[in-house]
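Right, one structure below, let's go through it.
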């Protein structure tokens, strides 16, 4: 999939380039998440990282796509914000070092195969401390038997309800902020979770 993101970020405007995401805006503007040391995991179009920086957060943005990082650098400069943009692979971290108080993932985890999800989780845990908060968005709906292989053919790995809880539950308390199932369109649903790191991990 890296070639796809290189193409999109290098030559086109991504369909998901729609500004900071609703649930992120809500948890920040409501005061649930206060300015702190934050990281945008898969910073892509830079929108979420720039929003956080504009609201007083000390922000790092990381993406494995050089084209995405170049786009983020341009947009960050245009917005007049300071963000530490780092090219790195969340399944094989080399340059990003934590811990962070607040982590944001808008669509990385559900792009990964099962082995890469395990590597991602091991690495993300290294970026946390006790009580770190983690906001994650995934494509999620009750998948029919034929949908998982179909979407895998498009390089996508949508999740079924309960998978986020199963994967992250041993390490975080989990609050579901939103869940939407769509009756039409290519994507069947989505969910957003706000998680808090458990002390024992």
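In my numbering, the protein residues as written are 76 to 276.
All C-beta atoms in this analysis are idealised placements derived from N, C-alpha and C, irrespective of residue type, glycine included.
Check: Integer Cβ distance of residue 185 from residue 233, believed to fall under 8 Å; Outcome: 6 Å
Check: Through-space distance from residue 266 to residue 140, alpha-carbon basis; Outcome: 25 Å
Check: Residue 136 burial status per 10 Å Cβ neighbour count (16 or more: buried); Outcome: buried
Check: Residue span of the beta strand (DSSP E) that contains residue 191, given as start and end; Outcome: Per DSSP, residue 191 belongs to no beta strand (DSSP E); it is in the alpha helix (DSSP H), 189 to 201.
Check: Chain B within 8 Å of residue 263, Cβ atoms only; Outcome: Note that chain B does not occur in the displayed structure, where there is just one protein chain.
Check: Any 3 or more C-beta pairs closer than 8 Å across the segment 92 to 99 and the segment 147 to 156; Outcome: no
Check: Pairwise C-alpha distance: residue 218 and residue 155; Outcome: 43 Å
Check: Alpha carbon of residue 128 to alpha carbon of residue 119, nearest angstrom; Outcome: 15 Å
Check: N-terminal and C-terminal residue of the beta strand (DSSP E) that residue 255 is part of; Outcome: 247 to 256
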